[in-house]
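Okay, so here's the structure we're looking at.
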Amino acid sequence: MVTKIEAGSQDSQPLQRPCKKCNNQEATLTSRTEPVCKDCFTQYIYLKCVRHIGLLGKETQGPYGSQPTRRYLLGLSLGTSSTILLHILNSYVEAALSKGRKSPLDLDIIVVDTSVSEQDEALQATLDAYRQRYPRLTFEVLPLTSVLGISSIDWTALPSLKQDQSPAQQLADLFERLPSTTSRADILRLFIRHILIHTALSRSCQAVLLGHSTTALAELTLAETAKGRGFSLPWQINDGVLPIEDFSPDPDNAPADKKRTIRVHHPLRELFRQELVTYTTLTEPPLTDIIPAEDVVNKASPVVSHRDLSIEEVVLRYFADVEVNYPSIVANVVKTTAKLDRLDAEERCGVCGMTLDELGDERWKGEIGDSGGGEEGAGSLCYGCERSVRG
Numbered sequence: 000m001v002t003k004i005e006a007g008s009q010d011s012q013p014l015q016r017p018c019k020k021c022n023n024q025e026a027t028l029t030s031r032t033e034p035v036c037k038d039c040f041t042q043y044i045y046l047k048c049v050r051h052i053g054l055l056g057k058e059t060q061g062p063y064g065s066q067p068t069r070r071y072l073l074g075l076s077l078g079t080s081s082t083i084l085l086h087i088l089n090s091y092v093e094a095a096l097s098k099g100r101k102s103p104l105d106l107d108i109i110v111v112d113t114s115v116s117e118q119d120e121a122l123q124a125t126l127d128a129y130r131q132r133y134p135r136l137t138f139e140v141l142p143l144t145s146v147l148g149i150s151s152i153d154w155t156a157l158p159s160l161k162q163d164q165s166p167a168q169q170l171a172d173l174f175e176r177l178p179s180t181t182s183r184a185d186i187l188r189l190f191i192r193h194i195l196i197h198t199a200l201s202r203s204c205q206a207v208l209l210g211h212s213t214t215a216l217a218e219l220t221l222a223e224t225a226k227g228r229g230f231s232l233p234w235q236i237n238d239g240v241l242p243i244e245d246f247s248p249d250p251d252n253a254p255a256d257k258k259r260t261i262r263v264h265h266p267l268r269e270l271f272r273q274e275l276v277t278y279t280t281l282t283e284p285p286l287t288d289i290i291p292a293e294d295v296v297n298k299a300s301p302v303v304s305h306r307d308l309s310i311e312e313v314v315l316r317y318f319a320d321v322e323v324n325y326p327s328i329v330a331n332v333v334k335t336t337a338k339l340d341r342l343d344a345e346e347r348c349g350v351c352g353m354t355l356d357e358l359g360d361e362r363w364k365g366e367i368g369d370s371g372g373g374e375e376g377a378g379s380l381c382y383g384c385e386r387s388v389r390g
């Protein structure tokens, strides 16, 4: 991983520990077992991200003379990874503009406010710092309640909404009726994903950009497998085109041969979380000045009981240790998932939107002794979403 080492003498003496990449500066960091200087390390992070943006640019390139500027939606969680993705994309665009070129891409930056009770003042203060740091960019906040009515969700498969309540009250009540902490964390993540994808489609964006690192993708792989949603991993973890189902009561304007699709990409997928954390301290000024404090659970501090932790939080704690001591294991989890084929199917889950694996779901239920006593609407859900919704 990345560790800091003592810098050598600043006079004209020979370098005590030369950078392995440029051989011109004293190495102050150890990155993936190699001693490197600050400049080479930050350039390494930047180029890893820009390479994926370049590949995406080729995939979204239209005919000659049509839409030379790509339009992407960036989902900003205000965490380390998505903030670095924002920072690098801003630098990438500014570098092109400084050379007199047209902007290679336009960004719709979306922050989903997950508070359903009242306006989050801390969120607004944080966004003010981001706007001051990136005055050229526009940051838009969408409330979690904007998920209500999105047609890519089969709302009949979820606990019924109380029509005499406000949208915020409806969501609060829905989450209250979910069976566990894991269920609430799972449905919240899926709702945020639906909001980002729906917004991208409504604005004719060519791709949704997410800031997942190698570590985050490995965590998602294990968490989704543990929840019984392993069949969907190629669609959730790998970059590419994602078909979007329409569960609206009257989807006549969406012919079967012209279903909506959107590209979902993770430009930081080749970088470990600790590498990104180190990067935040090396920018000028440091990104740590604007990134809000991490939640306590994300620090992987020891706990007495895991009773109130979601599966995602348990997996996060596990990889916090594995990434430091065995980073190759983290990378291999993601690389192995990348080799899995995306098997399409006519039916899709009404909550996560992924293809249904009916045989696999039945096999999973049999192995854990689930008789699958059919509740109404359960047939439109994958096993993972059925457990999240109904327990």
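Going letter by letter, the sequence shown gives residues 0 to 390 in numbering that gives the first Met the number 0.
Positions of the beta carbon are idealized from the N, C-alpha and C atoms, including for glycine.
It should be emphasised that the depicted structure is a prediction, and the values quoted were computed from it without experimental measurement.
For the alpha helix (DSSP H) that contains residue i, what are its first and last residues?
i	result
Arg268	Where Arg268 is concerned, there is no enclosing alpha helix (DSSP H), given that its DSSP letter is neither H nor E.
Arg389	382 to 389
Glu93	79 to 97
Arg69	Counting along the chain, Arg69 falls outside any alpha helix (DSSP H), though it belongs to the beta strand (DSSP E) covering 69 to 74.
Leu28	No alpha helix (DSSP H) contains Leu28, which is instead part of the beta strand (DSSP E) from 28 to 30.
Ala128	120 to 132
Thr287	Where Thr287 is concerned, there is no enclosing alpha helix (DSSP H), given that its DSSP letter is neither H nor E.
Lys334	326 to 337
Leu232	232 to 236
In the DSSP output, what is residue i paired with across the bridge?
i	result
Phe138	Ile108
Ile261	Leu241
Thr354	Arg347
Glu25	Pro17
Val115	Answer is none; Val115 lacks a bridge partner.
Val1	Ser30
Report back the beta-carbon spacing between residue i and residue j to the nearest angstrom; my notes put them in contact at under 8 Å.
i	j	result
Lys243	Ile196	One detail in the question is off: residue 243 reads as Ile in this sequence, not Lys. Sure, about 6 Å apart at Cβ, within 8 Å.
Asp107	Arg70	7 Å
Leu72	Thr113	18 Å between Cβ atoms; not a contact.
Thr287	Thr279	5 Å
Glu218	Leu232	The pair is not a contact, with the Cβ atoms about 12 Å apart (cut-off 8 Å).
Pro13	Ala26	About 13 Å separates the two Cβ atoms, so there is no contact after all.
Leu77	Val110	7 Å
Phe246	Asp356	With 8 Å as the limit, Phe246 and Asp356 do not qualify as a contact, their Cβ atoms being about 19 Å apart.
Thr336	Thr220	5 Å
Phe40	Leu308	Phe40 to Leu308, Cβ: 33 Å. No contact.
Leu200	Arg259	6 Å
What residue range does the beta strand (DSSP E) around residue i cover?
i	result
Val35	33 to 35
Leu281	Per DSSP, Leu281 belongs to no beta strand (DSSP E) and is neither H nor E.
Below 8 Å, is the gap between the Cβ of residue i and the nearest heavy atom of the ligand COA?
i	result
Thr287	The ligand content of the structure shown is nil, which means the ligand COA is not present either.
Checklist entry - Which ranges does the beta strand (DSSP E) cover as unbroken runs of at least 3 residues, wholly within the region 148 to 215, from first to last along the chain? => result As summarised for the region 148 to 215, the continuous beta strand (DSSP E) elements at least 3 residues long and confined to that stretch are 206 to 208, given in chain order.
Next on the checklist: Is it the case that the region 238 to 245 contacts the region 164 to 184, given that we only count it when at least three CB pairs across the two stretches are under 8 Å?
Outcome noted: In the pairwise beta carbon analysis, the region 164 to 184 is classified as not touching the region 238 to 245: fewer than three pairs are separated by under 8 Å.
Checklist entry - Any contact of the region 43 to 51 with the region 70 to 82, i.e. 3+ C-beta pairs under 8 Å? => result No, the region 43 to 51 is not in contact with the region 70 to 82.
Checklist entry - Quick one: any contact between the region 328 to 348 and the region 201 to 216, if contact means 3 or more CB pairs under 8 Å? => result With a cut-off of 8 Å, the region 201 to 216 and the region 328 to 348 count as touching, because enough Cβ pairs lie within range.
Next on the checklist: Counting beta carbon pairs with one atom in the region 152 to 164 and one in the region 345 to 359, are three or more of them shorter than 8 Å?
Outcome noted: With contact defined as three or more Cβ pairs closer than 8 Å, the region 345 to 359 and the region 152 to 164 are in contact.
Next on the checklist: When you compare the region 262 to 270 with the region 308 to 316, are there three or more beta-carbon pairs, one atom per stretch, that lie closer than 8 Å?
Outcome noted: No, the region 262 to 270 does not touch the region 308 to 316.
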